[in-house]
Amino acid sequence: MSEAVDCDRWGRTVPKDVYPHPVLCDVFVRVVVTVPEEPQMHFSAKEDLALAASASARATAASSANDDLLELARDLVLRMVLFICGMVVNIHSDYILRNLREPGETGYKIPRGGLFEYVSGANFFGEIVEWSGFAIAGWSIPGAAFAVFTFLVLLSRAQQHHQWYIEKFEDYPKSRKIVIPFTY
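Residues in the sequence shown are numbered consecutively from 1421, following this note's numbering.
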């Protein structure tokens, strides 16, 4: 006989060997396990109304559990999209920087293309967005701390790079911002 475990906020139990994980167990109980069947014979309209309300509540609870899972999945996908967008910007910007010079060239050039048309630190912007997306997707204090630290460090580096470009190149585009397109 499997051990029954109290696993949800309503005090219902489910066999431990079926769903040992607390979150999965909660979802399993809310969606699959039902309250024992109501009597089949009813003698008054009051009892019929109570039965209908009970059935409606069970259906609502199951629907609510499915809606919660759907909402959680949707939110996680949206959060991961932010991470992936930042990663794509970061990788593309690094590709542009790596290919500024032809083999054998030694001089410096102004990066062009991608977000480099708008900011001096497109690779830094991509990394900031990437780690911000990671922090939001993970929804944790360490993730948020890492994103803030990344933002502060890369903002400082982007300012130094922007100033260097302005000093080094007379024809450097004046409309380029430092790290955040159209803003800073």
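Just so it is clear, CB atoms sit at the ideal spot from N, CA and C, and this is done for glycine as well.
Everything numeric in this text was worked out from a predicted model, so none of it was measured.
Secondary structure at residue i, three-state DSSP: helix, strand or coil?
{"i": "V1497", "result": "helix"}
{"i": "K1387", "result": "Lying before the first or after the last residue shown, residue 1387 is absent from the chain, which here runs from 1421 to 1604."}
{"i": "V1615", "result": "Here the chain covers residues 1421 to 1604 and nothing more, so residue 1615 does not appear."}
{"i": "V1452", "result": "Because the pLDDT of V1452 is 49, which lies under 50, any placement of that residue in the model is unreliable, and the number read from its coordinates should be weighed accordingly. Of the three classes helix, strand and coil, the one that applies to V1452 here is coil, per DSSP."}
{"i": "R1521", "result": "coil"}
Rounded to the nearest angstrom, what separates residue i and residue j at their Cα positions?
{"i": "T1526", "j": "N1519", "result": "12 Å"}
{"i": "V1568", "j": "Y1515", "result": "25 Å"}
{"i": "N1486", "j": "V1508", "result": "32 Å"}
{"i": "F1571", "j": "I1548", "result": "6 Å"}
{"i": "E1491", "j": "V1599", "result": "33 Å"}
{"i": "Q1580", "j": "N1543", "result": "14 Å"}
{"i": "Y1604", "j": "S1595", "result": "11 Å"}
{"i": "I1561", "j": "L1575", "result": "21 Å"}
{"i": "P1593", "j": "P1601", "result": "14 Å"}
{"i": "R1577", "j": "A1565", "result": "18 Å"}
{"i": "G1524", "j": "L1517", "result": "15 Å"}
{"i": "A1493", "j": "V1573", "result": "32 Å"}
{"i": "D1428", "j": "I1504", "result": "Here the model assigns D1428 a pLDDT of 49, short of 50, so the residue's position is not dependable, and the following value carries that caveat. Computed Cα separation, rounded: 35 Å."}
Within this structure, are the beta carbons of residue i and residue j separated by less than 8 Å?
{"i": "L1489", "j": "G1553", "result": "no"}
{"i": "G1541", "j": "H1512", "result": "no"}
{"i": "V1539", "j": "K1588", "result": "no"}
{"i": "E1550", "j": "G1506", "result": "yes"}
{"i": "R1499", "j": "I1556", "result": "yes"}
{"i": "G1563", "j": "N1510", "result": "no"}
Please determine, among the options, the residue with the shortest C-alpha to C-alpha distance to residue i.
{"i": "I1530", "options": "R1499, G1546, Q1583, G1558", "result": "Q1583"}
{"i": "E1590", "options": "N1543, G1558, Y1528, I1561", "result": "Y1528"}
{"i": "D1495", "options": "F1545, L1517, W1559", "result": "W1559"}
{"i": "Y1585", "options": "F1566, V1573, P1601, R1532", "result": "R1532"}
I'd like the ranges of any alpha helix (DSSP H) spanning at least 4 consecutive residues and lying wholly in the stretch 1538-1604.
1542-1558, 1561-1588
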